[in-house]
Every structure is written in structure tokens, then in C-alpha cells.
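Under this note's numbering, the first residue of the sequence shown carries the number 847, and numbering increases by one thereafter.
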Amino acid sequence: MNYITIHNFINVIDISITAVFIYAALTLLRKTKSIFIFRGIAVLVIVYVVAAFLNLKLTTALFNGFFSFFVIILVVLFQKELRRFFENFSVSFFNPFGEEEIPIHKESINVIINSVQYFAKKKIGALIVLAGKQHVERYLDGGYVLDGQVSEPLILSIFDTRTPGHDGAVLIDNGLIKKFGAHLPLSENFRKFGNLGTRHTAALGLSERSDALIIVVSEERGTITLARNSNLKIVNAEQLKIEISHFLDELAPPEKEENIILRIFKYNKRDKIISVIVALLLRILLIKS
């Protein structure tokens, strides 16, 4: 009886670990918006499972060799996304309650809004980065270290066209203006967005590599654009305030009293159920083989 209990417990651990890896893969594919790849993998897995159940040895052997190379291909194709995923995972794993500093305090939101409105009205180009959970400084090139308080006069002076750092980006993190005049990595996603200005291309580039929220003001059109999660969105002042508030809410640590088991089952239920089902099927397949 004890042996059966221990054996069942080991099986549960085995299935759980497998389900976690499957869920991680699903999350990665969804965040990269590679749904066509997800569908292709799903079809291949179904064919492989059917072949194994029917004991089609040649087909199964072919798929075993194919999957070995396919994993390497995926790593090469999605190396940037994988790096970002593991950064997110390390943040969540080693800091489960999200006890990191937020980029700006809520009382500073109006400072950002007023400054951006002024830039839009006067058609002054601006690029403001609000850091998320991930460290973004390694993506920044050049710039000047400041560590100054977030204030309207300071932001307006930084983007004054007569100052040396006005063409670069301002980085706001931990409630401070950490840097100004910094250059961001440029996006290569021209097919989706067409020809963009340098500021918009830089904002999009950083949003593809991190979870930061980037605010762009166009000096040609006077429009306000947000870049986040590899997307661009034109907003007005009211929408900007809402988006910044939502961004800060996502970064805020959850209530410590919240049960960690409840948190596991609270979000992304569908993907978690799919992961468990697939893990169970793989376990059954392994037993049969």
C-alpha cells in the first residue's frame, strides 16, 4: 500500500512538472503571437500521439528524430522571446509577491500627463520610458545619469530643443528620472507598422525586448503614442492617464494575504487545463509504449 501511494505521488509530481513546461511553452507562443506555429505544433503532436497509439513504429521513429531538431530550430527562431520569457520567469519565481519598486508614484502621473500634453501642443518630440519589472538599462545606449525627482520643469527642460539630450529617451524607474538622452534599440518590424519615425521605431524596439511602457510624442504631427508589448497605440491625454494607471496596477504587488494556491488557479485557467490534459496524455502514451 505504501509503495502504491509513493508511486502515485511520484506520478503526480511527474505530470505536474510536465504540465508546467507545457504551460510555459503555451505562454511563450501566445506572447509572441505565433498562433500559426502553435497550430502547426498541435497538429504534429496529435499525429504523433495517434501514431504511437496505433504502434506505427516507422512514423513514431521519424517524429522522434524530427522533434529533436525542431526544438533546436525553435530556440534559434525565438531566442529573443525565450530570453524575455526566462527573465519574466525569474522575476516571478524569485519574487513571487512582486516586491519591486514601481517606475513612478501615482502622484507623478499628472506630471507626466501635463508634460506630454505640452509637448504635443507645441509639437516637441519626446520619448519617455517607464520601466516595468525587467531591467531595461542594458538595452539603452549612451545617455546621461541623472537620478532626479520626477517634475514637470525637469522633464520640459530635458526635451528643450536647445539641450544636448533632447533627441534621446528619458528613463523613469524607482520613482526617479534615472537617465536622459539615451538611445533605444530600433525595431525591424517594418511589415506590420510600415515606415515610422526614429522615435516610434526606437519605442517599438524597446517594447519588443522588455515589458516597459514607452510614451512617444511626434514633433511632426503632435500625436501621443504608446508602445508596449510590441504594439503601438495612439492615445489622447485621458487615455494616456488610464493606460499608465493600468500599467502601474499590473506592477503593484498582490495582497500578501492572498492564498498562493488560489493565485495558481485564478489566472489563465484554459491554458493550465490544456497543459494538464496534454501532460496526462503524454503520461498515458509513455505507459503504453
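From the three backbone atoms N, C-alpha and C, an ideal C-beta is built for every residue, glycine too.
query: Give every residue of the same chain whose Cβ lies closer than 7 Å to the Cβ of S961, excluding the five residues on either side of it in the sequence, and list them in chain order.; result: E998, I1001 and L1002
query: Tell me, please, which residues DSSP counts as bridged to H1092.; result: In DSSP, H1092 forms no bridge with anything.
query: Please classify K1072 as buried or exposed, where buried requires at least 16 other C-beta atoms within 10 Å of its C-beta.; result: In the sequence as presented, Lys is not what sits at residue 1072; that position holds Leu. The residue is buried, with at least 16 neighbouring Cβ atoms inside 10 Å.
query: List the DSSP bridge partners of I1023.; result: G994 and I1018
query: Using DSSP bridges, identify the partner residues of K1079.; result: L1072
query: Between the alpha carbons of P1031 and L900, how many angstroms are there, rounded?; result: 51 Å
query: Just reading off the beta strand (DSSP E) that I1060 is part of, what are its end residues?; result: L1059 to V1063
query: I need the DSSP call for V982, collapsed to helix, strand or coil.; result: coil
query: Counting pairs of Cβ atoms below 8 Å between the stretch 1075-1082 and the stretch 972-990, do you hit three or more?; result: no
query: Which residue from K1087, F1005, L1022 and Q1085 puts its Cα closest to that of L992?; result: L1022
query: Under a CB-based cut-off of 8 Å, is S1091 close to chain D?; result: This model lacks chain D altogether, as it is built from one protein chain only.
query: Could you check the C-alpha separation between R885 and L872 for me, to the nearest Å?; result: 11 Å
query: Between which two residues does the beta strand (DSSP E) carrying A977 extend?; result: Per DSSP, A977 belongs to no beta strand (DSSP E) and is neither H nor E.
query: By alpha-carbon positions, which one of H1046, F915, I1120 and S1121 ends up nearest to A1015?; result: H1046
query: Quick one: measure Cβ to Cβ for G989 and A1058, integer angstroms, because I've assumed they're closer than 8 Å.; result: Not confirmed; about 15 Å, so no contact.
query: What is the DSSP secondary structure of A898, counted as helix, strand or coil?; result: helix
query: Taking the Cβ atom as the reference point for each residue, do G971 and E1034 lie within a distance shorter than 8 Å?; result: no
query: Can you tell me which residues form a DSSP beta bridge with H1046?; result: According to DSSP, H1046 bridges with nothing at all.
query: Pop quiz: A1083 and I959 are said to be a contact at Cβ under 8 Å. What is the actual Cβ separation, rounded to whole angstroms?; result: 6 Å
query: Give me the DSSP bridge partner(s) of H1185.; result: Outside the shown range of the chain, which is 847 to 1135, sits residue 1185, and nothing can be said about it.
query: Which residue's Cα is closest to the Cα of D1019: I974, D1117 and L1127?; result: I974
query: For A870, which of helix, strand or coil comes out of DSSP?; result: helix
query: Excluding the five sequence neighbours on either side, which residues of its own chain have a C-beta within less than 7 Å of the C-beta of D1006, listed in chain order?; result: H1012
query: I'd like to know whether the C-beta atoms of I950 and A1125 end up nearer to each other than 8 Å.; result: no
query: Should R1067 be labelled buried (16 or more other beta-carbon atoms within 10 Å of its own) or exposed?; result: exposed
query: Over the uninterrupted alpha helix (DSSP H) stretch that includes S961, give me the two end residues.; result: I955 to K968
query: Rank N1041, L976, R1055 and S1053 by C-alpha distance to the C-alpha of F1026 and give the top, closest one.; result: L976
query: Please go through the same chain and pick out, in chain order, the residues whose beta-carbon is closer than 8 Å to the beta-carbon of L1017, but skip the five residues on each side of it.; result: V975, A977, V982, E983, L986, G989, I1023, K1024, K1025, F1026 and A1028
query: Please report how far the alpha carbon of I892 lies from the alpha carbon of D1117, in whole angstroms.; result: 17 Å
query: For S1053 and V858, I'd like the C-alpha separation in whole angstroms.; result: 38 Å
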